[in-house]
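Undergrad: Letter 119 of the sequence shown, counting from 1, is numbered 119 in UniProt numbering, and no numbers are missing. Provided herewith is a single structure, encoded as structure tokens, for subsequent inquiry.
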Amino acid sequence: MTCLCSDTKVQGDMTNCVIKACSIKEALNTKNITSTSCGAPIRDQSRKYASLSNTFGVITAAFVVQRFAYKIWAGLDLGLDDWFTLVTLVSGIPSTILNAVALTPNGIGRDVWTVTPTQITNFSKFFFVMEILYFFQVAALKLALLFFYIRIFPAVTVQRLLWGTIAFTALYGLVFLFVASLQCRPMQYFWTKWDGEHAGRCINVNGLAWSNAVISIVLDCWMLAIPLWQLASLNLSLKRKIGVGIMFCVGTL
Numbered sequence: 001m002t003c004l005c006s007d008t009k010v011q012g013d014m015t016n017c018v019i020k021a022c023s024i025k026e027a028l029n030t031k032n033i034t035s036t037s038c039g040a041p042i043r044d045q046s047r048k049y050a051s052l053s054n055t056f057g058v059i060t061a062a063f064v065v066q067r068f069a070y071k072i073w074a075g076l077d078l079g080l081d082d083w084f085t086l087v088t089l090v091s092g093i094p095s096t097i098l099n100a101v102a103l104t105p106n107g108i109g110r111d112v113w114t115v116t117p118t119q120i121t122n123f124s125k126f127f128f129v130m131e132i133l134y135f136f137q138v139a140a141l142k143l144a145l146l147f148f149y150i151r152i153f154p155a156v157t158v159q160r161l162l163w164g165t166i167a168f169t170a171l172y173g174l175v176f177l178f179v180a181s182l183q184c185r186p187m188q189y190f191w192t193k194w195d196g197e198h199a200g201r202c203i204n205v206n207g208l209a210w211s212n213a214v215i216s217i218v219l220d221c222w223m224l225a226i227p228l229w230q231l232a233s234l235n236l237s238l239k240r241k242i243g244v245g246i247m248f249c250v251g252t253l
């Protein structure tokens, strides 16, 4: 067994043979048995993942609560930027909870062959929900920032650019929510296709993720360019312009 475990060529040949001759469930079970027999280390980052998710969730909530508390205490008006920030936070709460009580127990942070078929299916179900929540949160957060710009940049030309960007961002969010919700037919094929035992079809998931990422990055750059463009025309010293520019860069990115 020691010779077998240390011979990478034999292991590679066995893996190829199993993939060709066995079902996905059988292949994963075989991988689990051989890894256990060879004393392979058990990799489990699930607790670390859950801790990071919970920590950032609490920090985010604290900042948003602080923002609302200060505005209410100071008697400041609450604008659409505040409400969209709150909407983003509220939609993020289910994500944080799902990370802790759904994704973590069902295998995130662990090698796929160490979890059961039921766990893989459950993980895929919750990941489907998380994907939809993510697309919503990205769009809502961008809208919050854009509405903040609406309040601080009164120039007509800038306002038109911002409202156009708001319309595009809203459309971008709705399109990806719609596509993500209907990416597989039937819908449950999203969480059953992994075993190769069910019929259905899905769009290219990688294509969906990459297209969303590219549009999001381009939109972020555009949203950063608008305040920097306005900053250049302000009557401020170079040092202060750099400071304000860094603030916008951090806030946008």
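For glycine and all other residues, C-beta sits at the position ideal for the given N, C-alpha and C.
Mind reading off the beta-carbon distance from proline 117 to lysine 25? Whole number of angstroms is fine, and I expect it under 8 Å.
TA: Their Cβ separation, rounded to whole angstroms, is 6 Å, which keeps proline 117 and lysine 25 in contact under 8 Å.
Undergrad: Please go through the region 71 to 116 and give each complete alpha helix (DSSP H) segment of 4 or more residues, from N-terminal end onward.
TA: Runs found: 80 to 98.
Undergrad: Report the option in Gly173, Leu78, Leu98 whose CA atom is closest to the CA atom of phenylalanine 128.
TA: Minimum Cα distance to phenylalanine 128 is reached at Leu98.
Undergrad: Pull up the distance between the alpha-carbon of leucine 89 and that of proline 227, whole angstroms please.
TA: Going from the Cα of leucine 89 to the Cα of proline 227 covers about 24 Å.
Undergrad: Between the Cα of arginine 110 and those of Ala62, Ala167, Arg43, Thr165, spot the shortest distance and give me the residue it belongs to.
TA: Nearest option by C-alpha distance: Arg43.
Undergrad: Would the region 179 to 196 count as touching the region 121 to 141 if we require 3 or more Cβ pairs under 8 Å?
TA: Yes, the region 179 to 196 touches the region 121 to 141.
Undergrad: State buried or exposed for lysine 31, treating a residue as buried only when at least 16 other CB atoms are found within 10 Å of its CB.
TA: Flag for lysine 31 reads buried.
Undergrad: For the region 171 to 181 against the region 208 to 220, do three or more pairs of beta-carbon atoms, one drawn from each stretch, fall closer than 8 Å, so that the two count as touching?
TA: Verdict: yes, contact present.
Undergrad: Enumerate in chain order the residues of its own chain whose CB-to-CB distance from valine 64 is below 7 Å, with the five nearest sequence positions on each side excluded.
TA: Around valine 64: Thr85, Leu86, Leu89.
Undergrad: Taking glutamate 197 as part of the alpha helix (DSSP H), name the residues at either end of that continuous run.
TA: Neither: glutamate 197 is in no alpha helix (DSSP H) and is coded neither H nor E.
Undergrad: Quick check on arginine 185: does DSSP put it in helix, strand or coil?
TA: If DSSP states are grouped into helix, strand and coil, arginine 185 belongs with the strands.
Undergrad: Could you give the DSSP three-state label for cysteine 202: helix, strand or coil?
TA: Strand, per DSSP.
Undergrad: Indicate whether glycine 107 and valine 101 have their beta-carbon atoms separated by less than 9 Å.
TA: No, the pair does not count as a contact, with Cβ atoms beyond the cut-off.
Undergrad: In chain order, what residues of the same chain have a beta carbon less than 7 Å from the beta carbon of proline 94, not counting five sequence neighbours either side?
TA: Answer for proline 94: Leu133, listed in chain order.
Undergrad: Measure the Cβ-Cβ separation of leucine 80 and phenylalanine 136 and say whether it is below 9 Å.
TA: No, Cβ-Cβ distance for leucine 80 and phenylalanine 136 is not below 9 Å.
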